[in-house]
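Residue numbers (our numbering): 3 to 167.
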């Protein structure tokens, strides 16, 4: 079932959705985010997006992320700094909440044990990669309006080497 928000967009789920955005710093200091490619049978088939879950009237977004999205990813919470930030995007009549989490150093996609509903592919991407990707409409709007506000800045590689960070 979909709903039309006050912005005029159609969204799945009656009340909103919750997403988890995992990020890390690459060896060059650039921020990378973990995205999943959606299955062809989903609303945004074969597009890239965060792992998300639609929520119902009596569900709490914090519980959805902790219980359902983490389970979909097969993510062990001991592997993450949890959560580093939360962004609520109120569309008027429909809300999307994005939680940002940073895995511990050395964390790789192979550390996840995703369920079959998570998507068909998962990869790390830098911000500059997103311009040329087939993103879901919802995530594309998020990237344009909020990504740079929620993600930390890239680290300068030369300064990191100089100060040993």
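For each residue, glycine too, the CB sits at the ideal point set by N, CA and C. What you are looking at is a predicted structure, and each value in this text was computed from that prediction instead of being measured.
Of the residues the options, the one placed nearest residue i, counting alpha carbons only
{"i": "residue 19", "options": "35, 90, 75, 33", "result": "90"}
{"i": "residue 144", "options": "73, 63, 93", "result": "93"}
{"i": "residue 106", "options": "68, 85, 151", "result": "85"}
{"i": "residue 33", "options": "141, 56, 127", "result": "127"}
{"i": "residue 56", "options": "71, 48, 47", "result": "71"}
{"i": "residue 54", "options": "152, 150, 129, 141", "result": "141"}
{"i": "residue 66", "options": "22, 36, 35", "result": "22"}
{"i": "residue 114", "options": "14, 4, 24", "result": "24"}
{"i": "residue 63", "options": "96, 27, 133", "result": "96"}
{"i": "residue 41", "options": "13, 78, 122", "result": "122"}
{"i": "residue 74", "options": "61, 116, 68, 58", "result": "116"}
{"i": "residue 39", "options": "79, 125, 68, 5", "result": "125"}
6 Å CB neighbourhood of residue i in its chain, flanking five on each side removed
{"i": "residue 135", "result": "50"}
{"i": "residue 109", "result": "81"}
{"i": "residue 83", "result": "104"}
Buried versus exposed call for residue i [16 or more other C-beta atoms within 10 Å across all chains shown]
{"i": "residue 29", "result": "exposed"}
{"i": "residue 10", "result": "exposed"}
{"i": "residue 112", "result": "exposed"}
{"i": "residue 35", "result": "buried"}
{"i": "residue 138", "result": "buried"}
{"i": "residue 13", "result": "buried"}
{"i": "residue 47", "result": "exposed"}
{"i": "residue 37", "result": "buried"}
{"i": "residue 104", "result": "buried"}
Cutoff 8 Å; reference residue i; Cβ partners in own chain excluding five residues on either side
{"i": "residue 88", "result": "99, 100, 101, 102"}
{"i": "residue 152", "result": "23, 87, 89, 100, 102"}
{"i": "residue 59", "result": "16, 17"}
{"i": "residue 148", "result": "89, 91, 100"}
Bridge partner(s) assigned by DSSP for residue i
{"i": "residue 137", "result": "50"}
{"i": "residue 20", "result": "55, 99"}
{"i": "residue 88", "result": "101"}
{"i": "residue 13", "result": "5"}
Same chain, Cβ closer than 7 Å to residue i, five either side skipped, listed in chain order
{"i": "residue 156", "result": "31, 32, 33"}
{"i": "residue 77", "result": "114"}
{"i": "residue 132", "result": "145"}
Test: residue i CB closer than 9 Å to a CB of chain C
{"i": "residue 97", "result": "The chain labelled as chain C is not found in the depicted structure, where only one protein chain is given."}
Mind listing, in chain order, the continuous alpha helix (DSSP H) runs of no fewer than 4 residues lying wholly within the segment 40-77?
72-75
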